[in-house]
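First the structure, in the form of structure tokens, and then the observations on it.
Number of protein chains: 2
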Amino acid sequence: MQRDLKTVRAIMVDNLTVQDTEIQTALTSMLTDGGKLLRPALTILIGRFFPHHHNDLLGLAATVELLHTATLIHDDIIDDAPLRRHQKTIQTQFGKDVAVYAGDYLFATTFRLLAYHSHSVEAGRKGAEYLEKILNGELSQRMNHFNTNITVADYTNQIAGKTAALFEFASYLGTTTVDNLDPAFSQSAQQFAYNLGMAFQILDDILDYADDQETLGKPTLEDIQNGVYSLPLILAMQEEPTIKTLLQVPVLSTNQVTEIAQLVQQSQAIETAMEMASHYTDQAEDHLDALPDGEAKDILYALSDQLLSRQR
Amino acid sequence: MQRDLKTVRAIMVDNLTVQDTEIQTALTSMLTDGGKLLRPALTILIGRFFPHHHNDLLGLAATVELLHTATLIHDDIIDDAPLRRHQKTIQTQFGKDVAVYAGDYLFATTFRLLAYHSHSVEAGRKGAEYLEKILNGELSQRMNHFNTNITVADYTNQIAGKTAALFEFASYLGTTTVDNLDPAFSQSAQQFAYNLGMAFQILDDILDYADDQETLGKPTLEDIQNGVYSLPLILAMQEEPTIKTLLQVPVLSTNQVTEIAQLVQQSQAIETAMEMASHYTDQAEDHLDALPDGEAKDILYALSDQLLSRQR
Numbered sequence: 030m031q032r033d034l035k036t037v038r039a040i041m042v043d044n045l046t047v048q049d050t051e052i053q054t055a056l057t058s059m060l061t062d063g064g065k066l067l068r069p070a071l072t073i074l075i076g077r078f079f080p081h082h083h084n085d086l087l088g089l090a091a092t093v094e095l096l097h098t099a100t101l102i103h104d105d106i107i108d109d110a111p112l113r114r115h116q117k118t119i120q121t122q123f124g125k126d127v128a129v130y131a132g133d134y135l136f137a138t139t140f141r142l143l144a145y146h147s148h149s150v151e152a153g154r155k156g157a158e159y160l161e162k163i164l165n166g167e168l169s170q171r172m173n174h175f176n177t178n179i180t181v182a183d184y185t186n187q188i189a190g191k192t193a194a195l196f197e198f199a200s201y202l203g204t205t206t207v208d209n210l211d212p213a214f215s216q217s218a219q220q221f222a223y224n225l226g227m228a229f230q231i232l233d234d235i236l237d238y239a240d241d242q243e244t245l246g247k248p249t250l251e252d253i254q255n256g257v258y259s260l261p262l263i264l265a266m267q268e269e270p271t272i273k274t275l276l277q278v279p280v281l282s283t284n285q286v287t288e289i290a291q292l293v294q295q296s297q298a299i300e301t302a303m304e305m306a307s308h309y310t311d312q313a314e315d316h317l318d319a320l321p322d323g324e325a326k327d328i329l330y331a332l333s334d335q336l337l338s339r340q341r
Numbered sequence: 030m031q032r033d034l035k036t037v038r039a040i041m042v043d044n045l046t047v048q049d050t051e052i053q054t055a056l057t058s059m060l061t062d063g064g065k066l067l068r069p070a071l072t073i074l075i076g077r078f079f080p081h082h083h084n085d086l087l088g089l090a091a092t093v094e095l096l097h098t099a100t101l102i103h104d105d106i107i108d109d110a111p112l113r114r115h116q117k118t119i120q121t122q123f124g125k126d127v128a129v130y131a132g133d134y135l136f137a138t139t140f141r142l143l144a145y146h147s148h149s150v151e152a153g154r155k156g157a158e159y160l161e162k163i164l165n166g167e168l169s170q171r172m173n174h175f176n177t178n179i180t181v182a183d184y185t186n187q188i189a190g191k192t193a194a195l196f197e198f199a200s201y202l203g204t205t206t207v208d209n210l211d212p213a214f215s216q217s218a219q220q221f222a223y224n225l226g227m228a229f230q231i232l233d234d235i236l237d238y239a240d241d242q243e244t245l246g247k248p249t250l251e252d253i254q255n256g257v258y259s260l261p262l263i264l265a266m267q268e269e270p271t272i273k274t275l276l277q278v279p280v281l282s283t284n285q286v287t288e289i290a291q292l293v294q295q296s297q298a299i300e301t302a303m304e305m306a307s308h309y310t311d312q313a314e315d316h317l318d319a320l321p322d323g324e325a326k327d328i329l330y331a332l333s334d335q336l337l338s339r340q341r
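Residue numbers (the working numbering), protein chains in the order written: chain A, 30 to 341; chain B, 30 to 341.
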């Protein structure tokens, strides 16, 4: 697996052809340092269930990571993030303009690699559809900023786009390198990936409010100040309407956000959110159970466990 | 032609499926108001030389305009432009975050429509390659900001990407709807489109320094203040090194920029730039001459004339 992921990194770097040397170096460094390559691993493991075209499988795994990286670069613009994985973000190094175009560039490279390794128009269309879904998730999150009446359904709709759709795409790409695939396998694999992505995002959002944190992390603090309300806060607002009142203050101080976070921690919200995450985890496991036994399945179990328990 | 372009607008709008109603409305309005649809017209006219698949031709024409619109949305973020075609830009209406994702969304829709109407993996790959070329042009322009030693070759390389590549892509898409096409036709069409794009951009950049302007337009003024040096200024700097010295001032006032512009107007730069534009125009006409006679060719001549003379 580690050897395959090393090849995935090499494919990404070999396919980057930015004329400007500085930007090329910065993007190369972003693609090779520190990322867990979780999504490419998913693509590779799904492909491994059957005899498959290995070179194409690794190329498609690189495709999904390029797409992920493009979205990260654009997310960092929006969040004005100074660092990503302990490195300066593209925006911090070169400014907003380069970051916008560098992200766009990686979208282009994504679709070029996708065409090259998928050998199918259908995969190009599917890739574009998943990207539309991801962006609908992001846009819907942005349009719900400061909406204290945001519902759990709004939230699940958002994360189904911004997070789970990329997991689904990773799994889908794995299935495209297998000839004459049983549609039942594809469906179970996709459902597994979707539910894994949903659980992953919910647990990530719960972690922001973890009990043992003395103070909220800076990103969580800023999210609340910027009107980004995730599942624990949404659930807590429904239980305790005073939180909505506290959120009405035009510019929230650190103390005010800490007070809100304490109300979230004292409510049933974390527990309810954990139950929702468990629901998605159970669903993911059920769909994984349906896949044929073997090494690939064992590793996927281990990967899911690691992914979901790491965050608790 | 007008009927075809009306259909192109309808295809773009029908394929826009942003969940948020406000953003959907804003993008629809951007896609339907005011644009000359020059690039889709190029696609359609190239396709019309032969019997072709008409529905796909119009779909592909919509694809190239969607791609163009996506790049405009991102350009407007970078330039902090308040208006585009007399309408508020997406950034002005919804903020930077929505503008980044809305542009990304249109890239995704571009590749979905491309897969749907091209029926070929090759077209998806080509589309991605042209987009990479466009972004290399944009990135190279940004990396040459404030570079007073920028060469004419740097400039032509930039506009070959940011402008001409999209014209080439428009022409390429027109050729994909014709079965068993003569490669010589494709090559002439592509060369025509490339040279048309080059001439178009150079004339646009000359217009910024037009003699009869009392004062420089605000975009030109800001370009110079932001370190974006186009062909007339590059040529004038080579002729008159004092301009380089004047540009060293960290923050240029309006008066200082006006002084620089007057030096450009007094130099041979405008004349030399016009000669370069004429060179590309001549090349474009030579390649157009090589295409089979008929109505499509006549309209392309008229379109080129209109495009290139409008700007003088």
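Every residue gets a Cβ at the ideal spot worked out from N, C-alpha and C, and that includes glycine.
For this session: Could you check the C-alpha separation between L89 of chain A and E304 of chain B for me, to the nearest Å?
Result: Here the question's residue 89 of chain A lines up with position 60 in the first sequence. Here the question's residue 304 of chain B lines up with position 275 in the second sequence. In a straight line, the C-alpha of L89 of chain A is about 47 angstroms away from that of E304 of chain B.
Exercise. Do you know how far the Cα of H97 of chain B is from the Cα of K247 of chain A?
Worked result: The residue labelled residue 247 of chain A in the question sits at position 218 within the first sequence. The residue labelled residue 97 of chain B in the question sits at position 68 within the second sequence. So the alpha carbons of these two residues sit roughly 38 angstroms apart.
For this session: Output the residue ranges of the alpha helix (DSSP H) runs that lie fully inside the segment 142 to 198 of chain A and measure 4 residues or longer, sorted by chain position.
Result: 150 to 172 and 181 to 188
Exercise. L129 of chain A touches chain B at which residues, Cβ-Cβ below 7 angstroms?
Worked result: Position 100 of the first sequence holds residue 129 of chain A. Just to set this straight, residue 129 of chain A is Val in the shown sequence, not Leu. Correct list: H103, I106, I107 and V129.
For this session: Sort out for me which residues DSSP pairs Q116 of chain A with in a bridge.
Result: Locating residue 116 of chain A in the first sequence gives position 87, counting from the first residue. The partner list for Q116 of chain A (beta bridge, DSSP) reads A:R113.
Exercise. Taking the alpha-carbon positions, what's the K155 of chain B to V293 of chain B distance?
Worked result: Taking the first residue of the second sequence as 1, we reach residue 155 of chain B at position 126. Taking the first residue of the second sequence as 1, we reach residue 293 of chain B at position 264. Approximately 39 angstroms between the Cα atoms of the pair.
Problem set entry | R341 of chain B classed as buried or exposed, judged by whether at least 16 other C-beta atoms fall within 10 angstroms | Residue 341 of chain B sits at position 312 when you count from the first residue of the second sequence. Summary for R341 of chain B: the model assigns pLDDT 42, below 50, so the residue's position carries little reliability, and this model does not support an answer.
Problem set entry | Own chain, CB closer than 6 angstroms to S147 of chain A, minus 5 neighbours either side, in chain order | Translated into the one-based positions of the first sequence, residue 147 of chain A becomes position 118. Cβ within range, chain order: T205.
Problem set entry | Boundaries (first-last residue) of the alpha helix (DSSP H) holding R68 of chain A | The residue you call residue 68 of chain A lines up with position 39 of the first sequence. Note, R68 of chain A: alpha helix (DSSP H), L67 to G76.
Exercise. Do A128 of chain A and I107 of chain A have their C-beta atoms closer together than 8 angstroms?
Worked result: As a working note, residue 128 of chain A is residue 99 in the first sequence. As a working note, residue 107 of chain A is residue 78 in the first sequence. Going by C-beta atoms, A128 of chain A is not nearer than 8 angstroms to I107 of chain A.
Exercise. If the cut is a Cβ gap below 9 angstroms, which residues of chain A does A256 of chain B touch?
Worked result: Locating residue 256 of chain B in the second sequence gives position 227, counting from the first residue. Residue identity check: residue 256 of chain B is Gly in the sequence provided, not Ala. Simply none; closest approach about 11 angstroms.
Exercise. Can you give the beta carbon distance from E167 of chain A to G190 of chain A, rounded, assuming they're within the 8 angstroms contact cut?
Worked result: Taking the first sequence and counting its residues from 1, the one referred to as residue 167 of chain A is at position 138. Taking the first sequence and counting its residues from 1, the one referred to as residue 190 of chain A is at position 161. Contact flag correct, Cβ pair sits at about 7 angstroms.
Problem set entry | For D318 of chain A and S200 of chain A, the rounded distance between their alpha carbons | Translated into positions along the first sequence, residue 200 of chain A becomes position 171. Translated into positions along the first sequence, residue 318 of chain A becomes position 289. For S200 of chain A and D318 of chain A, the distance between alpha carbons rounds to 16 angstroms.
Exercise. Candidates A:I231, A:I253, A:A157 and A:D311: which alpha carbon is nearest H174 of chain A's?
Worked result: Residue mapping note: residue 174 of chain A aligns to position 145 of the first sequence, counting from 1. If we check each option's Cα against that of H174 of chain A, A:I253 comes out closest.
Problem set entry | CB contact flag (T138 of chain B, L45 of chain B, <8 angstroms) | The sequence position of residue 138 of chain B within the second sequence is 109, counting from 1. The sequence position of residue 45 of chain B within the second sequence is 16, counting from 1. It is a contact, given that the beta carbons lie within the stated cut-off.
Exercise. Using a threshold of 7 angstroms, is the CB atom of P212 of chain A nearer than that to any non-hydrogen atom of the ligand ADP?
Worked result: Absence of the ligand ADP from the depicted structure is noted, as is the absence of any ligand whatsoever, leaving it without description.
Exercise. Quick one: does H148 of chain B have its CB under 8 angstroms from some CB of chain A?
Worked result: As a working note, residue 148 of chain B is residue 119 in the second sequence. Yes, H148 of chain B counts as interfacial toward chain A.
Exercise. Using a C-beta to C-beta distance shorter than 7 angstroms, which residues of chain A count as neighbours of N165 of chain B?
Worked result: Looking up residue 165 of chain B in the second sequence gives position 136. Within chain A, the residues near N165 of chain B are V47 and Q48.
Problem set entry | Distance between F136 of chain B and T92 of chain B (C-alpha atoms, nearest Å) | Your numbering for residue 92 of chain B matches position 63 in the second sequence. Your numbering for residue 136 of chain B matches position 107 in the second sequence. Whole-angstrom Cα-Cα distance: 9 angstroms.
Problem set entry | First through last residue of the alpha helix (DSSP H) which encompasses T271 of chain B | Your numbering for residue 271 of chain B matches position 242 in the second sequence. Start and end: T271 to L276.
Exercise. Going along the chain, which unbroken runs of the alpha helix (DSSP H) with 4 or more residues stay wholly within the segment 261 to 325 of chain A?
Worked result: 271 to 276, 283 to 295 and 298 to 318
Problem set entry | Stretch-stretch touch, CB-based, cutoff 8 angstroms, three pairs: the segment 277 to 297 of chain A with the segment 310 to 317 of chain A | no
Problem set entry | Nearest-angstrom Cα separation, counted from F78 of chain B out to P321 of chain B | Here residue 321 of chain B refers to the residue found at position 292 of the second sequence. Here residue 78 of chain B refers to the residue found at position 49 of the second sequence. If you take the alpha carbons of P321 of chain B and F78 of chain B, they lie about 7 angstroms apart.
Exercise. Quick one, which of B:D33, B:T185, B:L56 and B:S217 has its alpha-carbon nearest A302 of chain B's?
Worked result: Looking up residue 302 of chain B in the second sequence gives position 273. Considering only alpha carbons, the answer is B:T185.
For this session: Note down, one range per segment and in chain order, each alpha helix (DSSP H) of at least 4 residues found wholly within the segment 83 to 108 of chain B.
Result: 83 to 107
Problem set entry | Nearest-angstrom beta carbon gap, Y330 of chain A and A228 of chain A [assumed within contact, 8 angstroms] | Here residue 228 of chain A is taken as the residue at index 199 of the first sequence, counted from 1. Here residue 330 of chain A is taken as the residue at index 301 of the first sequence, counted from 1. So it is not a contact: roughly 14 angstroms between Cβ atoms.
Problem set entry | Secondary structure of G63 of chain B, DSSP reduced to three states | Here residue 63 of chain B refers to the residue found at position 34 when the second sequence is read from its first residue. G63 of chain B: coil per DSSP, three-state reduction.
Problem set entry | Residue-level contact to chain A via CB, A144 of chain B, 8 angstroms cutoff | Taking the first residue of the second sequence as 1, we reach residue 144 of chain B at position 115. It does: the Cβ of A144 of chain B has a partner Cβ on chain A nearer than 8 angstroms.
Exercise. So what's E79 of chain A in DSSP terms, helix, strand or just coil?
Worked result: The sequence position of residue 79 of chain A within the first sequence is 50, counting from 1. Note that residue 79 of chain A corresponds to Phe in the displayed sequence, not to Glu. Residue state, collapsed to three classes: coil.
Exercise. Is DSSP giving M30 of chain A helix, strand or coil here?
Worked result: Position 1 of the first sequence holds residue 30 of chain A. M30 of chain A: coil per DSSP, three-state reduction.
Exercise. With a cut-off of 8 angstroms, do at least 3 Cβ pairs link the segment 204 to 221 of chain B to the segment 232 to 239 of chain B?
Worked result: no
Exercise. Alpha carbon to alpha carbon, what distance is there between A152 of chain B and I40 of chain B?
Worked result: Counting from one through the second sequence, the residue named residue 40 of chain B turns up at place 11. Counting from one through the second sequence, the residue named residue 152 of chain B turns up at place 123. Spanning the two alpha carbons is a distance of roughly 19 angstroms.
Exercise. Comparing alpha-carbon positions, which option in A:Q187, A:N178 and A:Y159 lies nearest R21 of chain A?
Worked result: Any question about residue 21 of chain A goes unanswered here, given that chain A covers just 30 to 341.
Problem set entry | Cutoff 8 angstroms: K125 of chain B Cβ touching any chain A Cβ | As a first step, residue 125 of chain B is located in the second sequence; it is residue number 96 there, counting from the start. At least one chain A Cβ lies under 8 angstroms of K125 of chain B.
Exercise. For S333 of chain B versus A313 of chain B, is the C-beta spacing smaller than 8 angstroms?
Worked result: Position 304 of the second sequence holds residue 333 of chain B. Position 284 of the second sequence holds residue 313 of chain B. Yes. Within cutoff.
Exercise. Helix, strand or coil: how does DSSP classify N224 of chain B here?
Worked result: Within the second sequence, the letter at position 195 stands for residue 224 of chain B. Three-state DSSP puts N224 of chain B in a helix.
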